[in-house]
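Letter by letter, the sequence shown follows residues 1 to 683 in UniProt numbering. Taking it in order: structure first as structure tokens, then the write-up.
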Amino acid sequence: MSTVKDSVEKPQATDFTLERELGQGNFSKVFLGTHRPTGEQFAIKVIEKQRIMRLKIRHPNILNEVNMEKAVLNTLRHPNIIRLYHTYQDATNLYFLMEYIANGELWDALTLCGKQVGCTEGLARFYAADIVNALEYLASQRIVHRDLKPENMIVSKVDGHLRLVDFGTAKNLSDPALNGPNFVGTPEYMSPETIANKAVDTSSDLWALGCIVYQLLTGDTPFQGGSPYLCFLKVQDGVYDVPSFLSAPARDLIAALLQPDPTRRLGANGFDALKAHKFFDGINFETHLSTSPPFATLEDKFIFESAKQIHAYVAAGGGDKVPAVLAQAVALAHPRKPRLMHVLNRMQLLQHPDVYPRFFSTMGLGRCLYATKRGYVGLTHSVQNEWKQSFTFVHLSGPSLGRAAAATENDGLGGSSWAIELALFRDALLALNETLPTLLVLSGNMTHASPSQKYYGPQRDAFQASLSTLDSRIRLVFVPGDHAAVDIEAYTADYGDDYYALWYGGMKCLVVNSSLWLHAESDHALHERYLAQDAWLKKELEHGALCAQVLCVLSHHPLYISESDEPTLFAETLSNNNAPAAPWNVPRDVRLPLLELIGTSKVHAVFSSHYTKHVHNRFARPSKHTSGGDDDDDDDGAPQDGRCDMVVTASFADGEKSAYHRVHVEQTGLSIARTLVAAPLHV
């Protein structure tokens, strides 16, 4: 019996039995179909005619996409590209009769325990070689796919190789009749020239290849932003994180493909250069289709088996039966340690209080180092951008261990004792255990001695050891004090990044290094860091204004104490510490532009800690309708009364009785209350 694949006659819809659904597109569904006369199986794309006509109102190019896919697939013949055998129709639907590839999307190869973590480098190389072969063939036919992504790639169970699918938004460089607009594709894979709505050529697919190689190796895309607009901003900036565990050839290949200038992308001037890249060592492109996918290495197996064990441990609620790999996590070598941490992070396990701290020399140190890469492990936009329920966080000044003793010492370093502050701090932590706030924000200096001074190490160790008093479910958020200006490397080694963003339940908090606002003009190195923080802050505030339910800024130094235009106020320093007079508040020339930026960014509250008294003012943000005063129009997501809370929690055990601010976060805003810390009975 002749096969329907080779028949010159169009089949009829009644010749096929539609079985299970294989997938869905924007305007179509794909079913497994069986040809009744021969028993042959196909993937049949079903396009409902009435739906096409309805969608045409909003998407006038939709008919072009249907016709483009038909025209392109009718001409393409390559083993890494899905084969179209026939198109036919009935009164209701259009049908594409295509090759059936038993297995699934490439996406499936990237998942572990239901989370996308990436695959082995060997498998990434294997799949990337398939894509390169397909792209080289498309370039020879002058076809640009324009929507390359794992969802548009399926892997065969028979030979293990992948096929490209979904050519609806393809571009034919030889025949522009059906090409449609330039601005097409999926945001996370779109090239800079596509985002700029410029004409593209085959080098645009090379950019997408770079994104896919990155995703194969890491489980994430390089420019993931949570929304199309934010993706586009990241692509335009051209900045992406490169995990340290990636091999040098992998990093180099990704960088060579993700070139903003399309003419400079590896392969833009011929695929031989791309195929000769060191990442593809061991690949014979001419015979690649006859090879099988590589097996996982022993290192690969260690990573994935370890991740599964830790997943089971966390799912069971933790406890004493800690997996051996987790108990010994601090001793793991590079690149094993960062790779396992990355996989756990992708599985949303790394942030667990009994997981992340174990990768460091002490659990106390690990609890202090969640702020990294300008974010906070587990509390990111991609994970915590949706409102779920109200919650509470606490704002407390750092205990500055040794401060009381310093006043009576010759060197003023607080080396003789820090028992007073430590006892009071522990009592505060015990009180918080009763109410379990989601976050504890510790603002300012944790020790009186700075990193370069004699007693810093013992004071720091005592502080970190005291954290065992605090329930491990409470996340610690550190806001850098004056020490971050003295020795930034020492600060970040002990407390993580000095400025960063964190998200929780739709609330975005921006932690800033306010010492840079005070000292940037007098120190060149600090000035460079100040400029970097300033650029970062503007972008993050813009992002928060667009995406956050509640937006807060956390700084050690208050922007102001009483009035927004007050002069700089200076603190009296300990005479025996030989320290110059330091300002309480941010200097006026720096403060006023910051207040304008904070106001126009719809910030709900600014929390700080560097003062002798507790303060709670309300700042009237600039109206978008007038040059000043309150803004009663709250439709833009800003605080409902047009004001921003300016909260100062007094320095620990300084001036007033020690207290903390408890902040209850609702979808409509914040309620802020002050709670006293009871004095310890015994010191």
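No residue lacks a Cβ here, since even glycine has one placed at the ideal position from N, Cα and C. Predicted model only: the values in this text are computed from it and were never measured.
Cβ neighbours of ARG51 in the same chain (closer than 8 Å, five flanking residues each side left out): By one-based count along the sequence shown, residue 51 stands at place 51. Here the set comprises PHE27.
For CYS119, the three-state DSSP class (helix, strand or coil): In the sequence shown, counting from the first residue as 1, residue 119 sits at position 119. Coil at CYS119, not helix or strand.
Supposed close pair LEU676, ASP645 - CB separation, criterion 8 Å: As a working note, residue 676 is residue 676 in the sequence shown. As a working note, residue 645 is residue 645 in the sequence shown. Their Cβ separation, rounded to whole angstroms, is 20 Å, which puts LEU676 and ASP645 out of contact at 8 Å.
One or two residues paired with GLN24 in a DSSP bridge: Working through the sequence shown from its first residue, we reach residue 24 at position 24. LYS29, per the DSSP bridge assignment.
Selection from ALA406, ASP411, ASN410, THR435 that minimises the alpha carbon distance to GLU421: Locating residue 421 in the sequence shown gives position 421, counting from the first residue. If we check each option's Cα against that of GLU421, ALA406 comes out closest.
Alpha carbon of ASP266 to alpha carbon of ALA255, nearest angstrom: For this step, residue 266 is matched to residue 266 along the sequence shown. For this step, residue 255 is matched to residue 255 along the sequence shown. It should be pointed out that residue 266 corresponds to Leu in this sequence rather than to Asp. Looking at the two C-alpha atoms, the distance is approximately 9 Å.
Collapsed DSSP secondary structure at ASN172 in the structure displayed: Taking the sequence shown and counting its residues from 1, the one referred to as residue 172 is at position 172. ASN172: strand per DSSP, three-state reduction.
Nearest-angstrom Cα separation, counted from CYS552 out to PRO249: In the sequence shown, residue 249 corresponds to position 249, counting from 1. In the sequence shown, residue 552 corresponds to position 552, counting from 1. Using only the alpha carbons, I get a separation of about 41 Å.
Buried or exposed (CB count within 10 angstroms, at least 16 for buried), GLN328: Counting from 1 along the sequence shown, the entry for residue 328 is found at position 328. It counts as exposed.
Identified DSSP bridge partners for GLY104: Locating residue 104 in the sequence shown gives position 104, counting from the first residue. According to DSSP, GLY104 bridges with VAL155.
Straight-line Cα distance separating LEU379 from ALA462: On the sequence shown, residue 462 is found 462 positions in, with the first residue counted as 1. On the sequence shown, residue 379 is found 379 positions in, with the first residue counted as 1. Computed Cα separation, rounded: 27 Å.
8 Å Cβ shell around LEU681 - same chain, five flanking residues per side excluded: Reading the sequence shown from its first residue, position 681 is the one you call residue 681. Annotation note: pLDDT 44 at LEU681 (below 50); position unreliable, no value reported.
Residue of VAL213, ASN61, GLU99, VAL235 minimising C-alpha distance to ASN182: Numbered from 1 along the sequence shown, position 182 holds the residue referred to as residue 182. Of the listed residues, the one whose Cα sits closest to ASN182 is ASN61.
Among LEU440, ARG426, VAL213, the one whose alpha carbon lies nearest that of LEU401: Start at 1 with the first residue of the sequence shown, and residue 401 comes out as number 401. Comparing Cα-Cα distances from LEU401 to each of LEU440, ARG426, VAL213, the minimum goes to ARG426.
Expected contact under 8 Å - CB spacing of GLN116 and ARG346 to nearest Å: Counted from its first residue, the sequence shown places residue 116 at position 116. Counted from its first residue, the sequence shown places residue 346 at position 346. That pair is a contact at about 6 Å.
GLU528 - containing alpha helix (DSSP H), residue span: Mapped onto the sequence shown, residue 528 falls at position 528. That run of the alpha helix (DSSP H) goes 524-547.
Proximal residues to CYS113 (C-beta, below 8 Å), its chain only, five neighbours per side dropped: Reading the sequence shown from its first residue, position 113 is the one you call residue 113. If we look at CYS113 and ignore the five residues flanking it on each side, its Cβ neighbours are ALA307, LYS308, HIS311, MET347.
Residue 693 to GLY219 span [Cα, whole Å]: Look at the range of the chain in this structure, 1 to 683, and you will see that residue 693 is not part of it.
Cutoff 6 Å; reference VAL184; Cβ partners in own chain excluding five residues on either side: Taking the sequence shown and counting its residues from 1, the one referred to as residue 184 is at position 184. ARG146, THR169.
PHE285, DSSP secondary structure in three states: Taking the sequence shown and counting its residues from 1, the one referred to as residue 285 is at position 285. Here PHE285 sits in coil by DSSP.
Beta-carbon proximity of HIS556 to SER608, cut-off 8 Å: The sequence position of residue 556 within the sequence shown is 556, counting from 1. The sequence position of residue 608 within the sequence shown is 608, counting from 1. Closer than 8 Å, so yes.
Strand pairing of SER671, partner residues [DSSP]: As a position in the sequence shown, residue 671 is number 671, starting the count at 1. Note: SER671 sits in a beta bridge opposite HIS664.
DSSP state of LEU518 mapped onto helix, strand, coil: The residue labelled residue 518 in the question sits at position 518 within the sequence shown. LEU518: helix per DSSP, three-state reduction.
Simplified DSSP assignment, three categories, for LYS56: What you label residue 56 is simply residue 56 of the sequence shown in a count that begins at 1. Three-state DSSP puts LYS56 in a helix.
Residue range of the beta strand (DSSP E) that includes GLY225: Residue 225 sits at position 225 when you count from the first residue of the sequence shown. Counting along the chain, GLY225 falls outside any beta strand (DSSP E), and DSSP gives it neither H nor E.
ASN433 beta carbon less than 8 Å from that of LEU470: Translated into positions along the sequence shown, residue 470 becomes position 470. Translated into positions along the sequence shown, residue 433 becomes position 433. Against a cut-off of 8 Å, the Cβ pair of ASN433 and LEU470 comes out as a contact.
Assigned exposure category for TYR229 - 16 Cβ within 10 Å defines buried: Locating residue 229 in the sequence shown gives position 229, where the first residue counts as 1. When all chains shown are included, TYR229 counts as exposed.
Nonlocal neighbours in the same chain, by C-beta distance under 7 Å from VAL377, ignoring five residues either side: Position 377 of the sequence shown, counted from the start, is the residue given in the question as residue 377. Excluding residues within five positions, the ones whose Cβ falls inside 7 Å are ASN345, LEU350, GLN351, TYR356, TYR370.
Nearest-angstrom Cβ-Cβ length linking PHE391 and THR447, presumed shorter than 8 Å: By 1-based counting over the sequence shown, the position of residue 391 is 391. By 1-based counting over the sequence shown, the position of residue 447 is 447. Their Cβ separation, rounded to whole angstroms, is 30 Å, which puts PHE391 and THR447 out of contact at 8 Å.
Closest by C-alpha distance to VAL165, when choosing among GLN24, ALA673, ASP589, MET363: Numbered from 1 along the sequence shown, position 165 holds the residue referred to as residue 165. Among GLN24, ALA673, ASP589, MET363, the Cα nearest to that of VAL165 is on GLN24.
Where LYS10 sits in the DSSP three-state scheme: Taking the sequence shown and counting its residues from 1, the one referred to as residue 10 is at position 10. Reduced to three states, the DSSP call for LYS10 is coil.
Cβ-based burial, HIS381 [other Cβ within 10 Å; buried from 16]: Working through the sequence shown from its first residue, we reach residue 381 at position 381. Classification of HIS381: buried, given that the 10 Å Cβ count is 16 or more.
Within 8 Å, strictly: CB atoms of LEU73 and PHE167: Numbered from its first residue, the sequence shown carries residue 73 at position 73. Numbered from its first residue, the sequence shown carries residue 167 at position 167. The answer is yes: Cβ separation under 8 Å.
Residue of LEU442, ALA485, PRO338 minimising C-alpha distance to GLN464: The count along the sequence shown starts at 1 and reaches residue 464 at position 464. Among LEU442, ALA485, PRO338, the Cα nearest to that of GLN464 belongs to LEU442.
Counted within 10 angstroms of its Cβ, other Cβ atoms place THR194 as buried (16 or more) or exposed: Residue numbering aside, residue 194 sits at position 194 when the sequence shown is read from its first letter. Buried, because 16 or more other Cβ atoms sit within 10 Å of the Cβ of THR194.
Contacting residues, own chain, Cβ-Cβ under 7 Å from ALA532 (five flanking each side not counted): Along the sequence shown, read from residue 1 onward, the residue named residue 532 stands at position 532. Result list for ALA532: empty, nothing under 7 Å.
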